[in-house]
Amino acid sequence: MPALNVEFSDRELEDLRQMAKERGTSMKALVREAAAAGIARHRALKEGAEEFRRFFAAHAAEFAAAFPDDEPPAKGEAA
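Heads up, the sequence shown is in the working numbering, so the first residue is 625 and it goes up one at a time.
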């Protein structure tokens, strides 16, 4: 399995040691869990944003009718 070396400040490293000890796990497992959670959150945010874009595009006319003051000016029209 590929590996990654990560540098931490002395304070961060001590905090990681303490957290791992409190949770009864290794520092490696703690860091991997945090990275995996960050990756999952990033994916979920990307998927949510894409779903919102699809929804908005599918309902653009409804949004335009409901919020006419928020519509950009048409091409050639003054703002």
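We put the beta carbon where it would ideally sit given N, CA and C, even for glycine.
Being a predicted model, the structure only gives us computed values, none of them experimental.
| Helix, strand or coil: which one does DSSP assign to glutamate 686? | Looking up residue 686 in the sequence shown gives position 62. DSSP places glutamate 686 in helix when its eight states are reduced to three.
| field | Alpha-carbon to alpha-carbon, leucine 654 and glycine 648 | value | Counting from 1 along the sequence shown, the entry for residue 648 is found at position 24. Counting from 1 along the sequence shown, the entry for residue 654 is found at position 30. Distance between the alpha carbons of glycine 648 and leucine 654 is about 10 Å.
| request: Write down the C-beta distance between leucine 640 and methionine 651 rounded to the nearest angstrom, noting that I regard them as a contact closer than 8 Å. | output: Numbered from its first residue, the sequence shown carries residue 640 at position 16. Numbered from its first residue, the sequence shown carries residue 651 at position 27. Between leucine 640 and methionine 651 a beta carbon distance of about 5 Å is seen, short of the 8 Å cut, so the two are scored as contacting.
| query | Given phenylalanine 691, which residues of its chain have a CB within under 7 Å of its CB, disregarding the five upstream and five downstream residues? | reply | Counting from 1 along the sequence shown, the entry for residue 691 is found at position 67. Same-chain partners within the cutoff: there are none.
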